Amino acid sequence: MASVSGIGRRSKAPPFWLVMAALVPTMLIGLPIFYVIARAVEAGPQAVIDELFRAYTFDLLVNTLILSVSVTTLSCVIGVGIAWLVERCDLPGRRFWSVLASLPLAIPAFVASYAWSSLDGAFESMGGAILILTLSQYPLVFLPVAAAFRSMDPSLEHVSRSLGYGPWGSFWRAALPQAKAAIGGGALLVLSHMFAEFGALALLRVQTFTTAIYQSYQLQFDNTSAAMQSAVLMALCLPAAFGEMRLRGGVRTARTGQGAARRSGLLRLGRWKYLALGLLALLALAALAVPLVTILYWLTVGRSIGAGLEDMAGALQGSLMLSVPGAVLTTLLALPLVMLAVRYRGPFGLVADRLPYVVHGLPGLVVALALVFTSIRYVPAVYQSTLVLLIAYAMLFLPLAQSSLRASLELVPPELENVARSLGRKNYEAFLSVTLPNIAPGVGAALALMVLELMRELTATLMLVPTGVLTLATEVWSYTNDAQYAAAAPFAVMLVLASVVPVYVFTQRSLKIYDL
Amino acid sequence: MYYVDRRGLLKAGAALVGTAALGRAGAAIAAEGTTLTVYNGQHAQLTDPLFAAFTDATGIKLNVRRGSSTQLANQIMEEGDNSPADIFYAEESAPIIALAEKDFLAPIEAASVEMIDPRWIGKKRDWTGITARCRVVTFNPDMIAEKDLPPSVMDFATEAWKDKVAYVPTSGAFQEQIVVIMKMKGREAALNWLKGLKEFGRPYNGNMAVARAVEKGEIATGLINNYYWYAVAHEVGAENMKSKLHYMRHKDPGAMVSVSAAGIIATTRRAEAAQKLIAYMVSEAGQSVIAKAVAEYPLNPKVKSTFALEPFDELDPPDVPPAEVGDALEAIKLRKEAGLG
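Protein sequences, first through last, are from chains L and V.
Under the working numbering, the first residue of the first sequence is numbered 8, with each subsequent residue one higher.
Under the working numbering, the first residue of the second sequence is numbered 827, with each subsequent residue one higher.
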């Protein structure tokens, strides 16, 4: 039986090795923050005031907020809705729909945006951007919530039913509160993705802080206004990063007893079934069919078809060579942060755990410039080496790994580690022999999600990649830049195909983290 | 470790011997020579064949780093004395002029400079134009007749053109155009032009997007560089193109000619090879490769484009050469004042 109480809280001091391990990612995360602040200070207070208090900045603020709040809210509605349908209702083909609903993750947002904007110019607008980005982002809410619904202790819902609430009342009072942490985690990822989104918005002609930052770097040889826009963006991320933590509150989801893992009965949909199926089919059409058909269409109409195909193997190799080690490094750096935050809730752990979310909302460009600045001045030997790019990846995507790992770690009862320690194991031995094996599904999910995101990262890659190394994403960019859409298509197809494997792993692992 | 441009290597190898197996041996011989690092902001369609031909001719290999021209210029400034770059090739002149003004560039050999008209050369002879293109109006004849287009680009910023003109406030050539208007007609005129465009025009995020939007009939006209139209035509076939190009001429700011430009980074340790690359880029041989690859005007007067371009002498551009336009930073201030970003 799950105990909904606050006994997961601990306040004892974390071990030294863990603090040291958490310092590494924290210092890295500090780099872009210091870079942005230093550049803004260089400009002087008058420049800061002039830049921040002009109509243009206000327009950007409004656009950024409308876009990110709308996409996040809609992603939550769609994500929770589908999760509830496929996990808690007697929908026909529930497994099939569950897989289909997570597949949009395999399609990069800029590919989807290109597809929609080539259908009709009307999608190049705020409304279009909200629609298209919601369709590409909702799986980030759907997956953790589906996993939470699947594993939910049915007894709570039964209690609620026995108290006279109907199925709807039980959904609101028992099911939804239990999925609160999963919803909050997913929503935060979507929100910070929206703060940092560039490729899709450039195509859809929507101006946000991030597109403005790119423009500044695109046109100017003095980066102060871009630095100030970045500072505003970080300020926007802060409340979101800390707010999400409050949502999670003191709910304890770990179970030590296996007994109650009985599946609860499914809700009968009756005639509503057809409506639900119709909506799911419509969603699959919009989120999957439109972009895929468009890529295939490029293949048939352009004259540049086949150009650069000899680079395919190299680009695929480059993508894997960067994304797989990048994923491993990011996950390794995320582990101590999550351990510290979940097991020892001290102030350092809190800040170290939250800062990466702030940087996650920054455009890749800013992180890349901070690394150019630092590496060429202090460690020129590693400049434009793979190592620096991998570090940039880790700085940009730590929160994705943190979310997956956290969900897993919260399910491992600390009592298990205490037992190991009481049997004479040292702290880190208890971690290696008890904690790590138990969070393996979370690690798998984190790795898969990272590989997926890293394969499509473009801006930091362009700026930091070893000269001459190609990736699938840089090739798609390069050919679409020259209007050679048919030449870009095979690389886009390969990017989607290569994404299917990590999406599958991520989906399976995410849904099964509770099957301890 | 990975410092080999595979594309260049493959092409050089294939051209040398023709078979893949022997191609690798050919490339291995070239690998013993010097390798230059090029920061390239120009379209790959132009540079891929140009650089491959250079490696064929000289045995000097090139590491090509890609990115947008301004970003690469920013990167070179951020790198300072440690920059690995030997050569910078920019899609527009402003980024390279920004480097020139901060003394990041080395002078180019006289023999190379003399191949190109002095109008297209940097004031300190530390950069040279490689290709030229001109500002044009692309229009969709289904939506508007050519005779109804205004005589000057200035007229587009008026209510009569509400929702009928697409422009790209972030493109480099657009900034240069703002500066040209300032130099020709004064600051006030340039500011009003921008305010008019903001109020009545429709901003796009790229020239290619404008070329496509006009082609699809999404909007009647667009302010772009000529070669974007040719790039779309190249992809869908010129005979299938609906949109057409209109040339402003008469020294109108709308007839501005801009150049892509290259220079040598002052900190290079391979100055001799770098001079060879610049020499090749302006030579008849190099310019002929460009003339076949993209619809830009080769700047070496002995070479003519193989595309059906409007003759270069008939463009009648304003008398404000790129070197006078400078790094276009004034344009940014005006844009901010006009509320354009």
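Ideal placement from N, C-alpha and C gives every residue a C-beta, glycine not left out.
Computed from a predicted structure; not experimentally measured.
Residue i classed as buried or exposed, judged by whether at least 16 other C-beta atoms fall within 10 angstroms
i       : result
E436/L  : exposed
N425/L  : exposed
V349/L  : buried
S440/L  : exposed
F41/L   : exposed
Y1123/V : buried
V507/L  : exposed
S978/V  : exposed
W179/L  : exposed
A447/L  : exposed
D974/V  : exposed
Minimum Cβ-Cβ distance from residue i to chain V less than 8 Å
i      : result
P387/L : yes
R310/L : yes
L376/L : yes
T307/L : no
A493/L : yes
Y224/L : yes
A209/L : yes
I302/L : no
V349/L : no
G193/L : no
T215/L : no
CA nearest to the CA of residue i, picked from the options
i       : options                              : result
L394/L  : V335/L, R432/L, L416/L and V358/L    : V335/L
G1022/V : T1132/V, L1166/V, N900/V and R959/V  : L1166/V
V512/L  : S169/L, P420/L and V106/L            : V106/L
L465/L  : L430/L, A320/L, P115/L and A186/L    : P115/L
L1141/V : A1081/V, T954/V and T957/V           : A1081/V
E417/L  : G192/L, Y385/L and A293/L            : G192/L
N866/V  : A879/V, V979/V, D882/V and Q901/V    : Q901/V
T468/L  : I398/L, P184/L, L423/L and L299/L    : I398/L
D929/V  : M903/V, A1105/V, A1157/V and A1154/V : M903/V
A1121/V : T861/V, L862/V and H869/V            : H869/V
T861/V  : A879/V, L1103/V, P875/V and N889/V   : N889/V
R46/L   : T79/L, V297/L, S232/L and V374/L     : S232/L
P22/L   : K433/L, L110/L and S411/L            : K433/L
T954/V  : M1067/V, F914/V, P976/V and G906/V   : F914/V
P1143/V : G1043/V, R891/V and I1007/V          : I1007/V
I923/V  : A911/V, P910/V, D943/V and G948/V    : G948/V
Close Cβ partners of residue i (< 8 Å) along its chain, the five nearest in sequence each way excluded
i      : result
T218/L : F205, L208 and A209
A505/L : L323, S326, L327, M462 and L479
V991/V : F982, L1023, F1026, G1027, R1028, I1045, A1046, T1047, G1048 and L1049
Three-state secondary structure assigned by DSSP to residue i
i       : result
Y993/V  : strand
F249/L  : helix
Y172/L  : coil
S537/L  : Residue 537/L falls outside the range modelled here, since chain L spans only 8 to 523, and no answer is possible.
H869/V  : coil
P572/L  : There is no way to answer for residue 572/L, as the model of chain L reaches only from 8 to 523.
G948/V  : coil
Y492/L  : helix
V500/L  : helix
R428/L  : helix
R1096/V : coil
Beta-carbon proximity list for residue i, same chain, < 7 Å, skipping 5 on both sides
i       : result
A388/L  : none
R1038/V : V1058
L25/L   : P343, M346 and L347
A268/L  : Because A268/L carries a pLDDT of 48, less than 50, the predicted location of this residue cannot be relied on, and the following value inherits that uncertainty. No residues qualify anywhere along the chain.
P298/L  : I114, V118, A119 and A122
S894/V  : G867
Chain-order list of residues whose beta-carbon lies under 6 Å from that of residue i (same chain, five-residue window excluded)
i       : result
Q236/L  : F216, A219 and I220
A248/L  : R361, Y364 and V365
G356/L  : L347 and A348
D952/V  : A926, L931, P933 and G1089
S1086/V : Q868, E917, I956 and T957
Beta carbon proximity, residue i to chain L, threshold 8 Å
i       : result
V1036/V : no
R961/V  : no
Q1003/V : no
P910/V  : yes
Residue i Cβ short of 7 Å to the ligand NAD heavy atom set
i      : result
V472/L : This structure does not include the ligand NAD; it has no bound ligands of any sort.
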